[in-house]
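At position 160 of the sequence shown (counting the first as 1) the number is 159 in numbering that gives the first Met the number 0, and the numbers step up by one without a gap. Since the structure comes first, as structure tokens, the remarks are kept for the end.
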Amino acid sequence: MARVAVKSARRSPLLVLGIALAAISTSAILIRLSEAPSLIKAFYRSLFTTLLLAPLGFGYREEFGTMSRRDGLFAIATGIALAVHFGAWFESLEWTSIAASVTLVQTQPIFVAVAAWALLDERLTGKMVGGIAVALLGSAIMSGGGLLDGGAVGANPLWGNALAVLGAVMAAGYVLAGRSLRQRISLLPYVTVVYVVCSVVLLALALARGGVAAL
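Okay, structure coming up:
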């Protein structure tokens with residue numbers, strides 16, 4: 000029985016990881032297939048996550064009350080960065096190819112590493128620099144195709160690629176801020192605040208852009 004329990008415990012993370020990878024791998028395709036405005040899609044993506052987190056975060060309501068003003072403001076700023084990430088990336092899929100958009104938005108570790116080196120005095124190793132160089136080369140190859148073929152893969156590949164890079168930069172900010180806040184705040188209170196703020200910001204942007212009918 001003990002061996003069965005161990006095997007079950009080992010399989011569970013792999014199953015969850017497989018589901019997560021499948022979801023991540025198909026997200027850009029599903030976003031492109033939807034005909035809703037990009038900000039509306041981004042809002043609902045954040046809203047559904049918020050609705051799933053809220054009941055779990057309720058168990059940490061005492062920690063919400065003890066959160067410092069500085070950490071609260073920092074979490075709000077992180078939520079705004081996440082909203083810009085989602086909004087920019089979803090919009091980029093309207094203008095460039097899925098391959099270019101996904102490749103560029105996933106360059107966020109590059110910006111995390113560079114920002115950590117520049118702002119937090121973290122050391123960049125030779126392997127990290129080499130990895131960054133390879134990632135930049137791959138991103139240039141994947142995103143350059145749309146610029147060379149006259150926009151056959153998108154209405155405006157240059158604009159779409161720029162939005163994807165903006166999404167990567169904002170995601171890097173989200174990761175770096177989270178690294179700092181998570182030293183003082185539990186995971187669920189942190190992500191609950193961030194996603195609530197993210198949803199509110201995306202809703203405001205969608206309404207400002209005239210997305211009332213799409214809601």
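Each residue gets a CB set at the ideal place from its N, CA and C atoms; glycine is no exception.
| Item | Value |
| --- | --- |
| By Cβ distance below 7 angstroms, which residues in the same chain neighbour residue 191 in space, the five residues on each side in sequence not counted? | 52, 53, 56 |
| Between residue 169 and residue 83, what straight-line distance do the alpha-carbon atoms span, to the nearest angstrom? | 7 angstroms |
| If you draw a straight line from the C-alpha of residue 133 to the C-alpha of residue 113, how long is it? | 15 angstroms |
| Let me know the secondary structure DSSP gives residue 108 once reduced to three states. | helix |
| Give the secondary structure of residue 56 by DSSP, where H, G and I count as helix, E and B as strand, and everything else as coil. | helix |
| I'd like the list of long-range same chain contacts for residue 97, defined as Cβ closer than 7 angstroms, with 5 residues on each side in sequence excluded. | 27, 28, 31 |
| Here's the rule: buried if 16 or more other CB atoms are within 10 angstroms of the residue's CB, otherwise exposed. What is residue 79? | buried |
| As a quick exercise: from 73, 103, 36, 12, pick the residue whose alpha carbon is nearest that of residue 196. | 73 |
| Starting from residue 72, trace the alpha helix (DSSP H) both ways and give me its first and last residue. | 68-91 |
| State the Cα-Cα distance for the pair residue 116 and residue 123, rounded to the nearest angstrom. | 7 angstroms |
| Between the Cα of residue 172 and the Cα atoms of 61, 108, 40, which residue gives the shortest distance? | 108 |
| Let me confirm a value: residue 64 is counted as buried when at least 16 other C-beta atoms fall within 10 Å, else exposed. Which label applies? | exposed |
| Counting along the chain, where does the alpha helix (DSSP H) carrying residue 191 start and finish? | 186-207 |
| Less than 8 angstroms separating the beta-carbons of residue 189 and residue 180? | yes |
| How many angstroms separate the CA atom of residue 58 from the CA atom of residue 12? | 24 angstroms |
| Please list, in chain order, all residues of the same chain as residue 17 whose beta carbon is under 8 angstroms from its beta carbon, the five residues on each side excluded. | none |
| Does DSSP put residue 123 in a helix, in a strand, or in coil? | coil |
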